[in-house]
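Chains as they are written, first to last, in our numbering: chain X, 2 to 284; chain A, 71 to 437. All residues carry an ideal CB built from backbone N, CA and C; glycine is no exception. These notes concern the structure reproduced below.
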Ligand SMILES: Nc1ncnc2c1ncn2[C@@H]1O[C@H](COP(=O)(O)OP(=O)(O)OP(=O)(O)O)[C@@H](O)[C@H]1O
Ligand SMILES: [Mg+2]
C-alpha cells in the first residue's frame, strides 16, 4: 500500500517541526517547573514548591487575569477595526484590492521593534501627538501619560495586529459566492439585511481565526509593554520574562508559562463550547 | 387579466469591458421587445453568450437596462430594487445558503418579510412536500445531491408565491435521466401553481418539451417568438431553422411566384417552397429549409425533384437516416421512419435517387 507512506510524507515535516520547536521545549519547561533551582545541586531536586508559591500569590493571578482582559480587548478592537477594512477591500475596492492589500501588508515587512518604536516617537512627551495637540491648543502642557500606560500598549498592539487580523477576514469574505448576496436580495433582503444574514455568518470563520490569531500571542506579549507600557502597562509576559532573565528563577518562570498555556486552552475550550466555532469552521 | 406579467420595451444592455486602454462595448441584450402573459411558461432559448442570463438579471433587477423599460404587472421597474420586485429567481448554480439548513433556506424569504413563525413553518413544509424533500429539512445544502439542491432552490423561490419565477438553466447540472424527469415535474408544477415562469435554457429539446412559448435569441437579439409547433414547423430564419431541430438548407433562384408558393431552380431541378410572409420576386436568390423527416426518397423514371446519390445509410432503430449527395449543394439528410410495410434499408449506398417534398414543408427563410 502506498497510502501510509504518503501520509507519513505529508505529516512528517510538520510533525518533526512541532516536536522540535513545540513539544520538546514544552517538555523541558515542564521538567523545569518541578526543579527546586535553576543552577547547581538544586537542579536535581524535584519539588512542587513553585506551584505552591504560584497558587499562593494572588498578585500573579491578578496580572494574568488583567493581561487576559487586555489581550481580549486588543483582539476585539483589532477585529472590529479589521473587519470594515477587509470588507472594503473584498467588496468595494474592485480591481485595486490586491494593490491595497499589499499596501496594508508592507509595513509589516519592517521589523516589529521598529514599528513599536515608531509609536514611541508618536506617543512620547515630545512626540508627534503631544506636539500636535499643543499646537492646536487642545492641551497646554505636554502630557507624559500618552506613553508608558496601558493605553499606549493597547494602541500600539492594535496597530500592529490590525493587518494580520484583516487577512483571514479578507480571505473569508473573498470566498463568499457573490450570487448568495444576489439570492438574498432576490428573497427580499435590503443590503444591511443581506449583510447580517449572509455575509457576517459566512465570514465568521475568518473573524474567529483573526481574533485568536491576535489574542493568543498578545496574551504572552512582553516586548511592547516593555517599550511603551512602563510600570503600569506591564503584562503577564513581562513577569515571566523577569523570572527567566532577571531573577534567574527558571522554575517559577516555567510554572507561570504553563499557567498561561492553561489559560489559553481554557479560553479556546470555552469558545468551542459555545458551539459555533467548530461548526463554522466546517463550512 | 389581460395585462402582461412581464413586458420588455426596447431594452438594451451594454457592458463596457476594459482591457488595458481598449474599452470594448458588448451588447449583451439589444432592442428586446417581449410580452409575457400571466401564467405562461415562457422560455428564452439560445446559444451560450446570447444574453439569456443578462435578460433574466435585468428582470430580477441585478442589472439596469442601458436603454428601454421593463414592466412587471404593468409597473415600471426602473426605480425598483431587486428586493422589492415581485419576482424570485432559481439561480444557475442554485446559490443556496451554505450556513443554513434546508428548512431555513426555504424559509429565508418569509423570514425576511416577517411572516409569522407558525405560518412560515406551514408554508415551508408545504413547499418541501411539493418538491418531495420534507424529510431532508434539517440537512445542510452540502449534504444534498445536485437534483435535491435544485429542488430546494425551487422551493425557496416558490414558497414566496412570486408573480413571476425566473429560472436560469436550473437543470443544467443534472444528468440526462434526472433532467428528463425534472423537466416533466417542473412543467406539472408550473401548471399546478399557475405562476408565470421565465425559463432559460440552451437546450432546444428542453425548450420544446416544456414551454408554452419560446423566444429564440442570438447575439443579444430575439429572432423569433412562438409556440414550439410554430418554431419547429415554420422557422423564420436560418438561425432558428438550424438551432431548433435539424434542417437541410437549399439555395435557389426564384422562377415563379403564385400566392405564397414559390417555384425555384436548384441546380438543374425545379422545386417548390412556401414563403411565410411577402414572397421574393422572380430572379432573386432565396434560401429555404426542409426538415429531414419531411423529405421523401424515390427511384423513378419521372422527374420528381432533386437528383442525388445515397452517400450513407445509418440505421437507428426507429428510423433510417440517409445522407444524400446532391450536385452543388451540401449533403442532404433524409429520415425515413421504419414503419409498417417499409423495408428498414430500402436504398443502398451509391444508389441514384430523387428527393421530393410537399411545398408547405419547405420554408423560405429571411436570410
Ligand atoms: N458583467 C459583465 N461584464 C461584461 N460583459 C458581460 C457581463 N455579463 C455578461 N457579459 C457579456 O454579455 C454577453 C451575454 O452574456 P449572458 O451571460 O447573458 O449569456 P448567456 O446567454 O446567459 O450565456 P450562457 O448560456 O453561457 O449562460 C456575453 O458576451 C458576456 O460575455
Ligand atoms: Mg447564462
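Contacts that residue i makes with chain A (C-beta to C-beta distance below 8 Å)
i              : result
residue 1(X)   : Residue numbering for chain X in the displayed model covers 2 to 284; residue 1(X) lies beyond these limits and cannot be assessed.
residue 161(X) : Here the premise fails: no neighbours, minimum Cβ distance about 32 Å.
Burial state of residue i (16 or more Cβ within 10 Å)
i              : result
residue 23(X)  : exposed
residue 120(A) : buried
residue 410(A) : exposed
residue 226(X) : buried
residue 372(A) : exposed
residue 183(A) : exposed
residue 75(A)  : buried
residue 378(A) : buried
residue 254(A) : exposed
residue 279(X) : Confidence at residue 279(X) is low in this model, with a pLDDT of 47, below 50, so the placement of that residue should be treated as unreliable; the coordinate-derived value is given next. Flag for residue 279(X) reads exposed.
residue 283(X) : Only weak support is given to the placement of residue 283(X): the predicted model assigns it a pLDDT of 45, under 50, and the question is left unresolved by the model.
residue 427(A) : buried
residue 271(A) : buried
residue 207(X) : buried
residue 91(A)  : exposed
residue 164(X) : buried
residue 407(A) : exposed
residue 352(A) : exposed
residue 162(X) : buried
residue 93(X)  : exposed
residue 4(X)   : exposed
residue 239(A) : buried
In DSSP terms, what residue i is bridged to
i              : result
residue 83(A)  : 99(A)
residue 146(A) : 141(A)
residue 376(A) : 425(A)
residue 297(A) : None; residue 297(A) has no bridge partner.
residue 322(A) : 356(A)
residue 286(A) : 115(A), 294(A)
residue 266(A) : 234(A)
residue 433(A) : 344(A), 359(A)
residue 333(A) : 326(A), 342(A)
residue 281(A) : Partner(s): none; residue 281(A) has no beta bridge.
residue 368(A) : 424(A)
residue 385(A) : 390(A)
residue 395(A) : 379(A)
residue 77(A)  : 105(A), 141(A)
residue 407(A) : 389(A)
residue 94(A)  : 87(A)
Beta-carbon separation (whole angstroms), residue i vs residue j, contact threshold 8 Å
i              : j              : result
residue 175(A) : residue 211(A) : 7 Å
residue 266(X) : residue 167(X) : About 26 Å separates the two Cβ atoms, so there is no contact after all.
residue 140(A) : residue 81(A)  : 6 Å
residue 85(A)  : residue 267(A) : Contact flag wrong, Cβ pair sits at about 26 Å.
residue 180(A) : residue 190(A) : 4 Å
residue 479(A) : residue 290(A) : The requested residue 479(A) is not part of the displayed model; chain A covers only 71 to 437.
residue 311(A) : residue 435(A) : 6 Å
residue 166(A) : residue 225(A) : Not confirmed; about 10 Å, so no contact.
residue 341(A) : residue 322(A) : 7 Å
residue 376(A) : residue 404(A) : About 11 Å separates the two Cβ atoms, so there is no contact after all.
residue 147(A) : residue 155(A) : 6 Å
Partners in chain A for residue i, counting only beta-carbon separations shorter than 9 Å
i              : result
residue 183(X) : 127, 130, 132, 152, 159, 161, 165
residue 186(X) : 130, 131, 132, 151, 152, 153
Chain-ordered chain X contacts of residue i [CB-CB under 7 Å]
i              : result
residue 182(A) : 188, 189, 190, 194
residue 178(A) : 188
Chain-ordered chain A contacts of residue i [CB-CB under 7 Å]
i              : result
residue 180(X) : 161, 163, 165
residue 199(X) : 167
Neighbour list for residue i in chain X, Cβ cutoff strictly below 8 Å
i              : result
residue 230(A) : 188, 189
Residue i at chain B interface by Cβ criterion, 8 Å
i              : result
residue 144(X) : Among the protein chains of the structure shown, namely X and A, there is no chain B.
Near ligand 3: residue i beta-carbon under 7 Å from a heavy atom
i              : result
residue 238(A) : Ligand 3 is absent from the structure shown, which contains only ligand 1 and ligand 2.
What alpha helix (DSSP H) runs, 4 residues minimum, are completely inside the region 63-122 of chain X?
-> 98-106
Taking the runs of the alpha helix (DSSP H) that are 4 residues or longer, which of them lie wholly in the region 124-164 of chain X?
-> 129-137
Only counting runs of 4 or more residues, tell me where the alpha helix (DSSP H) segments fall wholly within the region 165-210 of chain A, in order along the chain.
-> 172-182, 187-200
Identify every run of the alpha helix (DSSP H) within the region 187-230 of chain X, keeping only runs that are complete inside it and at least 4 residues long; order them along the chain.
-> Correct list: 192-195, 201-220.
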